[in-house]
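So the sequences go chain by chain: A and B. Note that the UniProt record's numbering has the first sequence beginning at 1, numbered continuously upward. Note that the UniProt record's numbering has the second sequence beginning at 1, numbered continuously upward.
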Amino acid sequence: MSAVVEHSLTDRPVLDPALAPPFPVAALPVLRNPQLRKNVAHAIDVIQAKRAHLVAEKTDWQELRAAASAIKDEALAHLDAYLTQFEGRCTTAGGVVHWAADAAEARRIILEILREEKADEVIKIKTMTSAEIQLNPYLEAAGVRTYETDLAEIILQLGEDEPSHIVVPALHVNRSQVREIFARKMGLPDLSDEPKLLTAAARNYLRQKFLSVPTAISGANFLIAETGAVVIVESEGNGRMCLTLPRTMITLAGIEKVLPRFQDLEVMLQLLARSATGERMSPYTSLWTGVTPGDGPQKFHVVLLDNGRSSILASKKERQTLRCIRCAACMNACPVYRQTGGHAYGSVYPGPIGAILTPQLEHLRHAQSLPFASSLCGACYEVCPVKINIPEILIDLRAQVTDQERKTVGKFFDPMYVGLRAANVIFSRAWMFHAAQRMGRMGLKLFTRKDGWIHSLPSVGGKWTQTRDLRGLPKETFHQWWKDRGQSSKGAREHGSEAR
Amino acid sequence: MSSVADSRRQVLDRIRAATQNSAATVEQVAGAYEALPRGYVRHGTMTVRARQERFIERLREYDAEVVECATEELAATIAAQLAASGRQKFVAPAALPAEWLAAGFDWKIDRGLAASDVEQCEGVLTACFCGVAESGTIVLHHSETEGRRVITLLPDWHLCVVRASQIVETLPEYFDKCSEQGSEGAREQRSREQGSGELPRLVTWISGPSATADIEMTRIKGVHGPRFLHVVVVEDRDQGLGTRD
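As structure tokens, this is what we get:
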């Protein structure tokens, strides 16, 4: 194993948007780590191929996407009505519904429930929302041991690593790295790196925990307003274990997870697994409603989390961000994610959806570099099962970040903003524009080499030439050519020669 | 506790301010919901036989083992499957037909068994609510013949009996079946104004045995749920029986 790889596993990535470095800085170590890039590219190629095959067999894929985005839009347009209906139905069915305005409140509510249950350990189904509110470190600090039960999450928890993808969070780790982590943390020095045996090791490691830990925490794929039910989609069965065996179950769900009716699942379930893992249905999809006597946990809590979501609702354009069903198709399709993996995004939500969701959840106070971490190629929009126009929102957020930035004192004298202010004046007056153009052409000539290219420019211009060359300007501008052409063609007609 | 109530109000107020809606009820917005576009395929177009074959083909793609039999062969088929599994101790839901519980095996009937007792069982035998051909999905509503959730979870081997008449082609057809089922059965027991009374409280959609691809996207069968899924498809439809007579 090379030193670079060891380094990437021991240097814990920062996924707190308030603390993470800007995207271009965070991406650098990944770009210099060929092993990690290889792991990411391999995983993505496999999922992409499976997805493409299964989407192609659905003749009504576009109709499903249209229905799904309309259902989510309706749920968001009348979110208050659907949430209160969910609350009522879930409560009638024996559940307890809590509302958390922000991450701190959600953590506090969950810890209070655990204290009431006298729980000093808890088993967990993979939930990105829990990572969003940084629940595990908070519970550990309060003396509650957390056990992740999804295989990928175990790899990350034992490896003291962070998720780099929302569906396959450990896709940046390869089998020999998993072997090393399991051998060390499970005390199995002779473990092989065969995925089958690594999986079996995880099964054995958790079996007793499933049977003995009386409290579990989950996220939710969907909440059903009509019935008060919660839906979890998973592959391994660790989810079923956690939602069936314990005495007490706590579900943490973002407020945008609610669907109006049970029947809406006929659309969502057809889209989700195909988009996420390239399967027609995930091996296990579970739905439960409050508490069922004699079957499963007899105490059930739902924590409805806002944490910035309601402010995303206010803008009609940005609102579509909340349609997201967390399938990760956008990051699998993204040429930028493919190169950088997820950690560079400095958030538990990486890739294109993370680039629009994270800055908005942070009210643009952090993660301002993320809307720029895209080539705007549109691949994310094309694959999104709920038709989120991610490029459109990226552009809008870029404008907001820029507006915010240029108002700050430090940026007033920034050469780029001085230049843009000057351009604003110049571009609105034709004579100034032409004069500036002449001066600019003279200036650029100084930097144009013999080969006709500009290889290096000073000041802000250097940002362009840092990574690419600039073609030297042609001999005349379009305006000049057009003017001359008029004269010369007139001349040509008169003299009957030299047509261009 | 007052802070909790405040948060509820705060979150709802923020939502209402953002959506520019005053507090509405779902009844008031039912019109908007009903008008949503639903242009996707609702009903399948396959013949009954093709649908059944598709169901079996899809199950096999997931590494499930499938056998077909006639109604009168069911008990014998179950017994053969149990014997072939090489297992001895099985758990079964309380209301399974007695003839399914083949002689010569140790049966634990689930009337609220502790998880540790279920864990001792090597296999489980159940019926199901429905099969969905397009995705090879078995749907459990956890009735008296389908069992509590725990019994189809802990044992490593699951044998599920699907009647051919229970197989639908598309997922939307399953949801139609749910509302039909509700209108005949559970409706009387629950008040109509509750609205949700007829829909299932517990559902497990199973599409192949437990699996993971978390390590280098290599699909590994069997993590925590049953590693082996066996399905008996029983020919209970008139056409099917007709050809056999």
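Ideal placement from N, C-alpha and C gives every residue a C-beta, glycine not left out.
is_contact[residue i, chain B] using C-beta, thresh 9 Å
i: Leu357 (chain A); result: no
i: Met241 (chain A); result: yes
i: Met128 (chain A); result: no
i: Val168 (chain A); result: yes
i: Lys196 (chain A); result: yes
i: Val55 (chain A); result: no
i: Asp469 (chain A); result: no
i: Arg261 (chain A); result: yes
i: Tyr82 (chain A); result: yes
i: Thr277 (chain A); result: yes
i: Gln270 (chain A); result: yes
i: Thr59 (chain A); result: yes
i: His363 (chain A); result: no
i: Thr289 (chain A); result: yes
i: Leu188 (chain A); result: no
i: Phe300 (chain A); result: no
Residue i, DSSP secondary structure in three states
i: Asp11 (chain A); result: coil
i: Phe23 (chain A); result: helix
i: Gln48 (chain A); result: helix
i: Val401 (chain A); result: helix
i: Glu86 (chain B); result: Per the sequence shown, residue 86 (chain B) should be read as Gly rather than Glu. It is coil, neither helix nor strand.
i: Thr227 (chain A); result: coil
i: Lys387 (chain A); result: coil
i: Cys242 (chain A); result: helix
i: Glu105 (chain A); result: helix
i: Ala422 (chain A); result: helix
i: Ala164 (chain B); result: helix
i: Asp110 (chain B); result: strand
i: Pro17 (chain A); result: coil
i: Asp13 (chain B); result: helix
i: Leu171 (chain A); result: coil
i: Gly88 (chain A); result: helix
i: Val29 (chain B); result: coil
i: Pro93 (chain B); result: strand
Cutoff 9 Å: residue i Cβ touching any chain A Cβ
i: Leu171 (chain B); result: yes
i: Leu159 (chain B); result: no
i: His43 (chain B); result: no
i: Arg51 (chain B); result: no
i: Ala18 (chain B); result: yes
i: Ala70 (chain B); result: no
i: Pro155 (chain B); result: no
i: Phe55 (chain B); result: no
i: Arg38 (chain B); result: yes
i: Val203 (chain B); result: yes
Beta-carbon proximity of residue i to residue j, cut-off 9 Å
i: Ile353 (chain A); j: Ile395 (chain A); result: no
i: Leu271 (chain A); j: Ala68 (chain A); result: yes
i: Leu370 (chain A); j: Val97 (chain A); result: no
i: Arg51 (chain A); j: Val383 (chain A); result: yes
i: Ile224 (chain A); j: Leu188 (chain A); result: no
i: Glu99 (chain B); j: Glu134 (chain B); result: no
i: Cys128 (chain B); j: Glu146 (chain B); result: yes
i: Ser217 (chain B); j: Val46 (chain A); result: The sequence shown places Met at residue 217 (chain B), rather than the Ser named in the question. Against a cut-off of 9 Å, the Cβ pair of Val46 (chain A) and Met217 (chain B) comes out as a contact.
Cβ-based burial, residue i [other Cβ within 10 Å; buried from 16]
i: Leu420 (chain A); result: exposed
i: Leu19 (chain A); result: exposed
i: Asn221 (chain A); result: buried
i: Ile181 (chain A); result: buried
i: Arg471 (chain A); result: exposed
i: Met442 (chain A); result: exposed
i: Phe24 (chain A); result: Checking the sequence shown, residue 24 (chain A) turns out to be Pro, not Phe. Flag for Pro24 (chain A) reads exposed.
i: Lys196 (chain A); result: exposed
i: Leu140 (chain B); result: buried
i: Pro34 (chain A); result: exposed
i: Lys72 (chain A); result: buried
i: Gly440 (chain A); result: exposed
i: Gln466 (chain A); result: exposed
i: Ala26 (chain A); result: buried
beta-carbon residue i near the ligand PLP non-hydrogen atom, thresh 8 Å
i: Phe90 (chain B); result: Of ligands this structure carries none, so the ligand PLP is not represented either.
- Query: Mind listing which residues of the region 147-168 of chain A have their C-beta closer than 8 Å to chain B's C-betas, in chain order?
  - Reply: Thr149, Asp150, Leu151, Ala152, Ile155 and Val168
- Give the residues from the region 206-225 of chain B that approach chain C closer than 8 Å (Cβ to any Cβ), ordered along the chain. The structure shown contains no chain C; its protein chains are A and B.
- Task: Output, in sequence order along the chain, the residues in the region 74-108 of chain B whose CB is closer than 8 Å to any CB in chain A.
- Result: For the region 74-108 of chain B, the set of residues with a beta-carbon nearer than 8 Å to any beta-carbon of chain A is empty.
- Item | Against chain A: residues of the region 111-144 of chain B by CB proximity under 9 Å | Gly112, Ala115, Ser116, Glu119, Val132, Glu134, Ser135, Gly136, Thr137 and His142
- Item | Contact list for the region 63-94 of chain A against chain B, Cβ threshold 8 Å | Glu63, Leu64, Ala66, Ala67, Ala70, Ile71, Glu74, Leu76, Ala77, His78, Leu79, Asp80, Ala81, Tyr82, Leu83, Thr84, Gln85, Arg89, Thr92 and Ala93
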